[in-house]
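First comes the structure, then the notes that go with it.
Numbering (the UniProt record's numbering), first residue to last: 1 to 219.
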């Protein structure tokens with residue numbers, strides 16, 4: 001029985017990349033490249049014509065981004081595999097690709113077999129997202145979420161950095177001293193600190209404060 005080949009379309013505005021990837025996929029016994037495109041507009045037109053099983057697209061294109069392709073195709077073709085291939089593989093790009101509906105995300109610095117592996121996954125499970133850096137990105141996002149302060153807590157933190165105590169912070173922000181103490185305790189908890197000095201150091205390290213002038217008499 002003849003094996004059914006996975007039909008792949010490649011989208012990149014550099015012909016060298018298209019040719020290189022095409023050679024990699026054509027070497028696979030279970031895959032074949034049925035077409036290429038160099039822009040968002042061309043990719044959507046070619047997809048309508050070719051109906052590939054998997055689209056592998058660059059993130060940055062001349063008339064938009066690969067995520068424009070992902071969103072458009074995912075909206076109307078839930079069964080298609082969508083792999084984003086990019087030089088810009090930061091956490092924001094990973095989550096943007098996942099939220100757009102991509103099946104996989106691969107950095108251009110990854111080995112070519114990672115792209116092939118992502119394409120195979122995309123054919124079988126088009127709606128489940130795979131990315132080698134996803135776990136690390138989620139851990140970093142979780143850490144950032146855990147230290148996120150409310151607007152009021154940030155106001156209190158700023159006054160702590162100015163050297164004010166709970167009573168003075170309460171007066172400044174028109175709240176009771178006990179309420180100010182509650183905000184301070186919550187700030188300490190989020191920053192994993194047991195005192196003012198630890199809280200301010202951590203706040204500076206994670207970017208919640210750009211500079212701190214502490215009053216050494218305050219504790």
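We put the CB at the ideal spot given by N, CA and C, even for glycine.
* Asked: Which residue from 127, 165 and 152 puts its Cα closest to that of residue 223?
  -> Nothing in the structure corresponds to residue 223, since the chain is present only between 1 and 219.
* Does the distance from the C-beta atom of residue 161 to that of residue 191 stay below 8 Å? -> Not a contact, by the Cβ cut-off of 8 Å.
* Asked: From this set, 23, 108, 82 and 109, which residue's C-alpha is nearest residue 98's C-alpha?
  -> Shortest Cα-Cα distance from residue 98 to any of 23, 108, 82 and 109 involves 82.
* Just reading off the alpha helix (DSSP H) that residue 37 is part of, what are its end residues? -> Premise fails: residue 37 lies in the beta strand (DSSP E), 31–37, not in any alpha helix (DSSP H).
* Sequence-distant residues of its chain with Cβ nearer than 7 Å to residue 72 (five each side left out) -> Excluding residues within five positions, the ones whose Cβ falls inside 7 Å are 44.
* Asked: In or out: residue 218 buried (at least 16 other Cβ within 10 Å) or exposed?
  -> Note that residue 218 scores 41 on pLDDT, short of 50, meaning its location in the model is unreliable and no value can be drawn from it.
* In the DSSP assignment, find the unbroken beta strand (DSSP E) run with residue 16 in it and report its ends. => Note, residue 16: premise wrong, no beta strand (DSSP E); alpha helix (DSSP H) at 15–26.
* Asked: So, residue 56 versus residue 130, is the Cβ gap smaller than 8 Å?
  -> At a Cβ-Cβ threshold of 8 Å, residue 56 and residue 130 do not count as neighbours.
* Counting along the chain, where does the alpha helix (DSSP H) carrying residue 6 start and finish? -> No alpha helix (DSSP H) holds residue 6; the beta strand (DSSP E) holding it covers 6–11.
* To do: Using DSSP bridges, identify the partner residues of residue 82.
  => Answer by DSSP bridge pairing, in chain order: 55.
* Taking the alpha-carbon positions, what's the residue 84 to residue 28 distance? -> Taking the straight line from one Cα to the other gives about 19 Å.
* Which of helix, strand or coil DSSP assigns to residue 189 -> In this structure, residue 189 counts as helix in the three-state DSSP scheme.
* To do: For residue 234, name the three-state secondary structure that DSSP assigns.
  => The chain is shown only over 1 to 219; residue 234 falls outside these bounds and no answer can be derived.
* Asked: Between which two residues does the beta strand (DSSP E) harbouring residue 105 extend?
  -> Segment 104–107, the beta strand (DSSP E) holding residue 105.
* Got a sec? Which residues, its chain only, sit under 7 Å from residue 215 by beta carbon, not counting five neighbours each side? -> Confidence at residue 215 is low in this model, with a pLDDT of 44, below 50, so the placement of that residue should be treated as unreliable; the coordinate-derived value is given next. The answer, listed in chain order, is 163.
* **Simplified DSSP assignment, three categories, for residue 156** => The answer is helix: DSSP assigns residue 156 an H, G or I state.
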